[in-house]
Every structure is written in structure tokens, then in C-alpha cells.
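First comes the structure, then the notes that go with it.
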Amino acid sequence: MPKQTIFSGIQPTGRLHLGNYLGSLRHFVELQTKHDCYFMIADYHSITEDYDPRRKRAQTLELAAEFLAAGLDPKKCTIFVQSDVPEHLELAWIFNAITPISLLERMTQYKDKAARQTKNVNAGLFDYPVLQAADILLYHATAVPVGADQDQHLELTREIVRLFNNRFGATFTEPKTLHTNVPKVMSLLAPDKKMSKSLGDAHCIHLDDEPDVVAAKISKAVTDTGGGTSLGARNLLTMSEAFSSKKTYDSFLADSAAGTLQYAKLKQTLAKDIAGYFADFRTKKKKLHTKRVEAILAAGAKRAARTATKTMAAVRKKIGIR
Ligand code: TRP
Numbered sequence: 001m002p003k004q005t006i007f008s009g010i011q012p013t014g015r016l017h018l019g020n021y022l023g024s025l026r027h028f029v030e031l032q033t034k035h036d037c038y039f040m041i042a043d044y045h046s047i048t049e050d051y052d053p054r055r056k057r058a059q060t061l062e063l064a065a066e067f068l069a070a071g072l073d074p075k076k077c078t079i080f081v082q083s084d085v086p087e088h089l090e091l092a093w094i095f096n097a098i099t100p101i102s103l104l105e106r107m108t109q110y111k112d113k114a115a116r117q118t119k120n121v122n123a124g125l126f127d128y129p130v131l132q133a134a135d136i137l138l139y140h141a142t143a144v145p146v147g148a149d150q151d152q153h154l155e156l157t158r159e160i161v162r163l164f165n166n167r168f169g170a171t172f173t174e175p176k177t178l179h180t181n182v183p184k185v186m187s188l189l190a191p192d193k194k195m196s197k198s199l200g201d202a203h204c205i206h207l208d209d210e211p212d213v214v215a216a217k218i219s220k221a222v223t224d225t226g227g228g229t230s231l232g233a234r235n236l237l238t239m240s241e242a243f244s245s246k247k248t249y250d251s252f253l254a255d256s257a258a259g260t261l262q263y264a265k266l267k268q269t270l271a272k273d274i275a276g277y278f279a280d281f282r283t284k285k286k287k288l289h290t291k292r293v294e295a296i297l298a299a300g301a302k303r304a305a306r307t308a309t310k311t312m313a314a315v316r317k318k319i320g321i322r
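For the sequence shown, the residue numbers in this note's numbering are 1 to 322.
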């Protein structure tokens, strides 16, 4: 892949779990070495869902610390907080003025969230994908690494590019969606559902869970019986493939095929391997001082703003405001 401008974002809503790591963060760490990358903490997106204002800033700083602990390097990429660059909101407003409501009404994530949060179906929830388009296009990103659940939002982003360019002249280019092969990690307790923090702590393994916590959670993971082909057992094997050595994984896979897989042994080994895989992450996260995280975010915001202000100056002219 030729050099791209990469943009992605994650909402600050709590500690990251294995699904977030395999789906996003692991790829960010690889992408930063070859491309021009922006990784954003989407705090303005996150206020559209029920939240505790006393905890939001701490969640933002914690997510930044997790980015850094996982290996994102501020010398190689731009890490910043959405609310530090107000141009995101400005461009979102301009996009609002060209986005048909009928397109937003089709968004399945909006419909899901509205159904979950019936007492708080706010306009921000509806407008969420327009802000996401602004995030991406402010930096003229060419590729956006996201999970499959974001496909529809990326399609809308491309539609906004076409609408804007048709109306005001060539300005933006359509970004492509970057799907890397992402093993889907399922909930430990409900392996028919994706691992998600909304299911509850016991369903997820967090990247900074201590070894005893990882072991306790995995020991409670449902496997049921059936020779290693149940959803729960398959999920443990998926995690083993990601976090155990190839030799270990291959032997469990062979056991599973032969119908001799011992769940207790798989669980013990897997718990040890996951805890070991993230040992460095835990150490780094503990060592990061808030002051240092804040300094990195301030520098990231400054760098992001340089591009964002340029884009906005051009956009204001194009739409006839200036
Ligand atoms: N909507 C994304 C999610 O929930 C987060 C996000 C916000 C994002 N802005 C973005 C992802 C821009 C990619 C690009 O996962």
C-alpha cells in the first residue's frame, strides 16, 4: 500500500478490551511506521451517549495512556483529543447543511443506540456520523482503519465528499475503509455476542487486567460440552491464536479437531499467555504520569490544528462565507 494519510478515532468510554485491541489499536501501532497517521480520542462523539461528566476527562486521559502503553509513538503519529481542535465542529456544521436527513435516517448504529437509550435520543446521536465525516475530511485522510460496524458511516463520509464537491467544487477526496483481517473476539459469558463493555466487565478482558483477574475471568468463560467446536470454545481458540505462541495454538487446534481438547488446560494456558502478552502494556500504563500524557496531547492538538485550520480556511472560501 503506497503511503496514506490515515485517520481513526476511538471514543473515551472506559478501559480498552481485547476486541478493541485486535480490531483497532494493534493495527494503529503497525500503521504508524509506514503512513502519516492521526489517532483521535473522540470525546465530542462520546457525549451523545449517557455519561458521567465528572469522569469524562479522566476517561480521555486514560485512553491516551492506553494508546501510548500499546505502542503508539507521538514521534511517529499524531495523537490528539477531538475537543482540542474546534474545527471538527465547524466542519460538521457545514456538512450538516449538505447532508440529507434521509441518509442519516438509514444509519443502523443510530437506530440501535436510539433503541438502547430511549430516554435520551438527542440530535447529536443522529448527527454523529456527520461529525465523523468532518473528523476524517479535515485531514484529507485517504484511509480509515475501522471495524465493520463503521462501514455505513464511511460510506456516508464518501457521499458527503461527493455532495460537497458537486456543490462547491473539487475539495475533498473519498477515503477508503481499511479492514485488516480482524479476528472477532466474543464475550466470555455470551459467546454469541461481540465482546463489548456494554455487556459488563465479566464479559471482557481489559488490556490492563492483572494476571489473577484474567485467570478468574477466563475460568468462568462458557464453553459447554461438545468437543471444542462450541462458540465459547471457538472464542478461546481465537484468543489463543492471537495471544499464544503458534506452537501452543496449533496443539490446541489439533486437540480440538481430534475431539480431545481439555478446556481447563486451554483456559489456564490462555490466561497465562494473555497476561504475559500485556505485561509490558500494564507496566507502561502504570508508569505514565498524567502530566506527560497531557503534554503529548497538547503537542498532538497543535499539530492537528495546523492541518485543520488550513482545511477550514479553504472550506470557508469555497462555501462563500469568506
Ligand atoms: N465512530 C467511531 C467508533 O465508534 C469513532 C470515531 C469517531 C471514528 N470519529 C472517527 C472512527 C473518525 C474513524 C474515523 O468506533
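Glycine included, C-beta positions come from ideal geometry on N, C-alpha and C.
Keep in mind that this is a model prediction, so the values were computed, not measured.
| Check | Outcome |
| --- | --- |
| Residue closest to T78, alpha-carbon to alpha-carbon, out of S251, A58, A299, H289 | A299 |
| Beta-carbon spacing of M186, L18 below 8 Å | no |
| Cutoff 8 Å; reference I122; Cβ partners in own chain excluding five residues on either side | First, the amino acid is wrong: residue 122 is Asn here, not Ile. For N122, where only same-chain residues beyond five positions count, the Cβ hits under 8 Å are T48. |
| Residues of its chain near A304, where Cβ-Cβ distance is below 7 Å and the 5 sequence neighbours each way are ignored | Y38, T78, F80, V85 |
| Residues near A314 by beta carbon distance below 8 Å, same chain, minus five either side | T171 |
| Per DSSP, cross-strand counterpart(s) of I41 | I10, V81 |
| Assigned secondary structure, D250 (DSSP; H/G/I helix, E/B strand, else coil) | helix |
| Three-state class that DSSP yields for K327 in the structure shown | Any property of residue 327 remains undetermined from this structure, which presents the chain solely from 1 to 322. |
| Nearest-angstrom Cα separation, counted from L61 out to E105 | 33 Å |
| Under the three-state DSSP convention, the category T177 falls into | strand |
| G169 burial status per 10 Å Cβ neighbour count (16 or more: buried) | exposed |
| Close beta carbons around Y44, own chain, < 6 Å, minus the five adjacent residues each side | Q82, S83 |
| F281 to L63 span [Cα, whole Å] | 13 Å |
| Cα-Cα separation between A69 and T223, rounded to whole angstroms | 32 Å |
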